[in-house]
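2 protein chains.
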Amino acid sequence: MQRRHFVRLAALAASSASIPKSWRDLAHLRGAPAVNAARLNAHLQALRQFGKNEAGGISRVAYSAADLGARDYARQLMREAGLTVRTDAAGNIFGRRAGSDARATPILFGSHVDSVPDGGNYDGQVGSMGAIEVAHALKDAGVVTRHPLDVVIWQNEEGGTWGSHLVTSDPTDRELATVATSGKTIREGIAVLGGDLEQLGSARLRTGSIHAYFELHIEQGGLLDKAGIQIGVVEGIVGLRQWEVTILGVANHAGTTPMPDRHDAMLAAARFTEMVNRVVTSEAGRQVGTVGRIQAFPGAPNVIPGKVVCTLELRDLDDPKIERLFRSVQREAQSIGVNNGTTFAFREFVTHESALSDPRLRTIIGDAARRLGFSTMSLPSGAGHDAQNLARIGPMGMIFVPSVAGISHAPAEFSAPDAIARGADVLLATVLTADTTTL
Amino acid sequence: MQRRHFVRLAALAASSASIPKSWRDLAHLRGAPAVNAARLNAHLQALRQFGKNEAGGISRVAYSAADLGARDYARQLMREAGLTVRTDAAGNIFGRRAGSDARATPILFGSHVDSVPDGGNYDGQVGSMGAIEVAHALKDAGVVTRHPLDVVIWQNEEGGTWGSHLVTSDPTDRELATVATSGKTIREGIAVLGGDLEQLGSARLRTGSIHAYFELHIEQGGLLDKAGIQIGVVEGIVGLRQWEVTILGVANHAGTTPMPDRHDAMLAAARFTEMVNRVVTSEAGRQVGTVGRIQAFPGAPNVIPGKVVCTLELRDLDDPKIERLFRSVQREAQSIGVNNGTTFAFREFVTHESALSDPRLRTIIGDAARRLGFSTMSLPSGAGHDAQNLARIGPMGMIFVPSVAGISHAPAEFSAPDAIARGADVLLATVLTADTTTL
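Chains as they are written, first to last, in the working numbering: chain A, -8 to 430; chain B, -8 to 430.
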């Protein structure tokens, strides 16, 4: 394992002691604890066994046996890190390290260990093992913070950030009846994980009940990897809106209807898809737009489609920008329709507002990373994370580490051990700075 | 009913007799028999009852009770027209009018009475009732042709020109096992219609066994209606090729994957569809190209499609032109793929070569129409017809009459009574000229 800051600090310390011991020695030399990179990566390796699949990834959907196994393993590591473990009524696992100030609100940090079907070994897992390692490093260093620390493993993140949603909102019966990928409902899942549906209110995190929330995660867009940047300071989780787009033309005989006389809904859909791409890429920024699903009716090779139904998704950190892009798309769709006698109708069916990270926490994260000698970049998270729910009840900050080629939700997902250790060290330094900062 | 040529001829004849009688009078004045337009349109009206639906159209799929009823009605009209009726082994109905030359091959003309589900009252029916009316007019006029005349009602045209296919080829067991729209196989359908599967060979029409084949039909593309032309002289039935197009990109997270890093198969499919339209319309001619079916995989609003499967259909009267257009499409698809890192693969799954009408019969049809004072236009048939199979074994000619707005295969399908009578008169004149022409 190569860690540049280690080499740099080692040179400063003129020390060449064995690595595991030297970490702590170096940490003491620079006046702060550091994570044990070898231990952290060993834990990540060990975690792979739960739901391991033949492709080298994992299938560990929430509420499955693999999920239960990984959660038990996380509890064991929490205890080894000196944490007091409990499962909240929603099925989230909390590991508490007491602080020196009994009246101080806890600093919360963690991630999730569930995966998508045929997922990889890093999404969620880096942040979960990293958070436990931070607690373990503090125990090793004998550091007691002012605020209590809560390491958290959220339940069912991949199914829609359920664990954090359940404790930051008042879930409806309909939501609880949602069937998860495992086939179990959220309600059933809570019971399987050892939660208590009757006491769900007891798990509720109200505004002001936490000092801060931090989450370490792999960056799933490949931006850090492409730019060769070590640490991403997350500006927030992008807003997301999805529409069902219905294009009506006139179905007709594909042999007898001359080209100029057609009201071809498929041709209009094609021009729409191309136009969405153009509108989204025609201005600077990291906004994205996608047509992911499409169906043509009647859907025969020899019939001009009279109707096409497709989806439109727009995401950006800036909600008004999404609205502005959508209006452009709507306006241009109108023109496309006029051009060949088709009509466009939009029905919005998913709306998630963006969740910005706290600017003070962004500064703390960026400063911590640079102090450790790491290159940094500010960027949005295009993917959803539990952090977006926590942002509703308190200051939120996220730390990204590179994922090679941005591959995610697939067995080929990979982050280098030293990249992971850097992220955990930044999390550790961030928690310590936040502990002494009034937010 | 208004018929321009009637008015013109009536003026010439300085006659104002009642219409049914005057037709024959006028016909005699101009030296040739003419159809009884009132009778023809009354028969078409009566035919509507078989499979009549609430929308004002018909549902008369082959082998249904409605189909059997319409066929019985046609047989009755054939007998009233003085024809000797038989059902061939394939289930086609033939009505024979003897000629004066026992060694002469028959002139065959007719169409079909089956419909698509929720079809209209003109497709096939105009040509069927028109053919019977031609025979009836000859009986009325006491004209005996040299060649025997065979009026034919082909079985199951809408299911894929089965009746004419069965007698112009040697059908395989697999073809006979095809399930028709009625749910019955072709094999079962032949029995239902009173055919004889064991004697199928007896129904075979060999090359040289007919003097000519003629078919009167509505023009389903709306070209005649748009141009205000009364009679279409069909150049032939276009060739048709269909491909399944598979576009491969890389499925990825629609939130985290930056726009420039995408290999979006849906965007490539959109550019492909737009390009097909451009290639097909970029040169003069009546060629058509259609993308009628499409599916994106995995097909979720929040996933960039990694694969799209769609269809491509190209039709033209000139088979080499289809090939040339396809090569352009293939070449441009390649460029689209290079542009965003996707690949295109084409699998051809339907190939029908074009069937040209006989140039001498085209001349006879055009001359007959102009002699009657009708405007004419040469045009291809974009739709398939039984005539395309007959073209394999003898000279084929087709006569089109306008269908309002080109609407077809729908209850709103409509051709004006006078337009239909014009077509039948052209058919009559054409048969008489062909009878005295060496082909």
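Glycine residues also receive a C-beta, built at the ideal position from the N, C-alpha and C atoms.
Between which residues of its own chain and Ala18(B) is the CB-CB distance below 7 Å, once the five residues before and five after are set aside? Confidence is the limiting factor: at Ala18(B) the pLDDT is only 47, short of 50, which leaves the residue's position unreliable, though a coordinate-based value still follows. Once the five neighbours on either side are set aside, the close Cβ partners of Ala18(B) are Pro24, Ala25 and Ala132.
Just the C-alpha distance for Ser345(B) and Gly385(B), rounded to the nearest angstrom, thanks. 15 Å
Kindly say whether Thr248(B), judged by its beta-carbon, lies nearer than 7 Å to any beta-carbon of chain A. yes
Are the C-beta of Val142(A) and some C-beta of chain B separated by less than 7 Å? no
For Arg15(B), I'd like the list of residues in its chain whose CB is within less than 6 Å of its CB, leaving aside the five on either flank, ordered along the chain. In this prediction, Arg15(B) has a pLDDT of 38, which is less than 50 and means its spatial position is unreliable; nothing more can be read from the coordinates.
For the stretch 273 to 297 of chain A, which residues have a beta carbon sitting closer than 9 Å to at least one beta carbon of chain B? Arg277, Gln278, Val279, Gly280, Thr281, Val282, Gly283, Arg284, Ile285, Gln286, Ala287, Pro289, Gly290, Ala291, Pro292, Asn293, Val294, Ile295 and Pro296
Can you tell which of Leu129(A), Phe263(A), Asn83(A) and Gly388(A) has the C-alpha that lies nearest to the C-alpha of Gly357(A)? Gly388(A)
Chain-ordered residues of the stretch 189 to 219 of chain B with a beta carbon less than 7 Å from chain A: Gln211, Gly212, Gly213 and Leu214
Using only CA atoms, which one of Arg30(A), Tyr64(A) and Leu99(A) lies nearest to Glu124(A)? Arg30(A)
One question on the structure: do Val417(A) and Ala374(A) come within less than 7 Å of each other, judged by their Cβ atoms? no
What do you reckon, are the CB atoms on Ala61(B) and Gly186(B) nearer than 7 Å? no
Supposed close pair Asp109(B), Gly48(B) - CB separation, criterion 8 Å: 6 Å
C-beta contact flag for Gly212(B) and Glu404(B) at 7 Å: no
Against chain A, with Cβ distances strictly below 7 Å, would His254(B) count as a contact? no
Using a Cβ cut-off of 9 Å, which residues of the stretch 372 to 386 of chain B contact any Cβ in chain A, in chain order? Ser372, Gly373, Ala374 and Gly375
Rounded separation between Asp63(B) and Thr159(B) - CA only: 24 Å
Indicate whether at least one CB of chain B lies closer than 7 Å to the CB of Met257(A). yes
I'd like the span of the alpha helix (DSSP H) that includes Gly332(A), first residue to last. Where Gly332(A) is concerned, there is no enclosing alpha helix (DSSP H), given that its DSSP letter is neither H nor E.
Bridge-paired residues (DSSP) for Asn280(B): A small correction: the amino acid at residue 280(B) is Gly; Asn does not occupy that position in the sequence shown. According to DSSP, which records beta bridges pairwise, Gly280(B) is partnered with Leu305(B).
Contact set between the stretch 24 to 50 of chain A and chain C, restricted to residues whose Cβ is under 9 Å from the partner: Given the protein chain composition of this structure (A and B), no chain C is represented.
Within the 7 Å Cβ cut-off, does Asn330(B) reach chain A? no
Do you know how far the Cα of Trp145(B) is from the Cα of His34(B)? 18 Å
What did DSSP end up calling Ile411(B) once you bin it into helix, strand or coil? helix
Simplified DSSP state of Arg(-5)(A), which is helix, strand or coil: At Arg(-5)(A) the pLDDT is 38, less than 50, meaning the model places this residue with poor confidence and gives no usable figure here.
Start and end of the alpha helix (DSSP H) containing Met250(B)? No alpha helix (DSSP H) holds Met250(B); DSSP gives it neither H nor E.
What does a CB cutoff of less than 8 Å around Gln286(B) pick up in its chain, not counting 5 residues either side in sequence? Val299, Val300 and Cys301
Identify whether Arg318(A) lies in helix, strand or coil by the three-state DSSP scheme. helix
For Phe405(A): DSSP bridge partner residues: Answer by DSSP bridge pairing: none, since Phe405(A) is not bridged.
Between the Cα of Gly174(B) and the Cα atoms of Ser155(B), Ala56(B) and Asp349(B), which residue gives the shortest distance? Ala56(B)
Could one say the Cβ of Gln146(A) lies closer than 7 Å to chain B's Cβ atoms, at least one of them? no
Can you find the residues in the same chain that come closer than 7 Å, C-beta to C-beta, to Arg284(A), ignoring five residues on each side of it along the sequence? Cys301 and Thr302
So what's Ser366(B) in DSSP terms, helix, strand or just coil? coil
Residue range of the beta strand (DSSP E) that Thr264(A) falls in? Careful: Thr264(A) lies outside any beta strand (DSSP E), inside the alpha helix (DSSP H) at Ala256 to Thr272.
Ser399(B) versus chain A: which residues are under 8 Å apart at the beta carbon? His244 and Thr247
Environment of Pro41(B) [buried if 16+ CB atoms lie within 10 Å]: For the sequence presented, residue 41(B) should be read as Phe rather than Pro. With 16 or more other Cβ atoms within 10 Å, it is buried.
Hey, out of Gly227(A), Leu239(A) and Glu45(A), whose CA is closest to Leu352(A)'s CA? Gly227(A)
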